[in-house]
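One structure is given here, and the rest of the page talks about it.
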Amino acid sequence: DLASLTASGGHHSNTTGGGHSHAHGSKRVSEHELHKRSDRDINLQVFKTHEEIRNVERQMDKLRESLARNENKDRNMAAQVRSRLSEQEAYLASLKSSSTALEKHQRKRTDNKKLTIF
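Here UniProt numbering is used: the first residue of the sequence shown is 1, the next is one more, and so on.
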């Protein structure tokens with residue numbers, strides 16, 4: 001459902017190891033809005049979403065390493081890392097859903113162009 005599409009480039013806030021704060025995207029995009037965007041804009045959005053997926057996966061790897069280090073040493077820290085890891089997992093799921101919806105819209109557009117050109 002494209003009405004609940006989550007695309008990178010909004011205001012999803014998240015903190016990673018080391019206390020650094022990064023802003024990530026959570027911007028609702030309707031199907032109507034996608035139809036108004038150019039092919040170039042959609043290609044760019046797909047690219048940005050894939051980049052964000054890679055970044056989140058990298059952050060999750062770091063969090064897993066941190067969790068492994070702190071599991072038996074500092075239970076409070078391990079609990080915080082687990083919490084951040086679950087937030088990242090939820091964000092990653094929404095990014096993947098967004099990516100799938102954008103790619104589906106791209107395919108629909110491409111197929112439609114092929115049908116209109118005889």
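Just so you know, even glycine gets a beta-carbon here, dropped at the ideal spot from N, CA and C.
Note that this is a predicted model, so its numbers are computed, not measured.
| request: Just the C-alpha distance for residue 98 and residue 49, rounded to the nearest angstrom, thanks. | output: 8 Å
| query | Does the beta-carbon distance from residue 95 to residue 53 come in below 8 Å? | reply | yes
| said: So within the UniProt region "Disordered" (98-118), which uninterrupted alpha helix (DSSP H) runs reach at least 4 residues, ignoring any that extend past its ends? | reply: none
| Out of curiosity, what's the CA-to-CA distance linking residue 124 and residue 64? | The displayed coordinates of the chain run from 1 to 118. Any statement about residue 124 would go beyond what the structure contains.
| query | From which residue to which residue does the alpha helix (DSSP H) around residue 57 run? | reply | That run of the alpha helix (DSSP H) goes 39-70.
| task | Measure the C-alpha to C-alpha separation of residue 85 and residue 79 and round it to an integer number of angstroms. | result | 10 Å
| query | Is it true that the CB of residue 88 sits closer than 8 Å to the CB of residue 59? | reply | yes
| message | Quick check: what's the CA-CA separation for residue 56 versus residue 62? | response | Near 10 Å, if we compare the C-alpha coordinates of residue 62 and residue 56.
| request: Whole angstroms is fine: what's the gap from residue 45's alpha carbon to residue 70's? | output: 37 Å
| request: Assign residue 101 to one of two classes, buried (16 or more other C-beta atoms within 10 Å of its C-beta) or exposed (fewer than that). | output: So residue 101 ends up on the buried side.
| request: Take the Cβ of residue 34 as the centre, count every other Cβ of all protein chains shown within 10 Å, and call the residue buried at 16 or more, exposed below. | output: buried
| request: With a 10 Å radius around its C-beta and 16 neighbouring C-beta atoms as the bar for buried, classify residue 66 as buried or exposed. | output: buried
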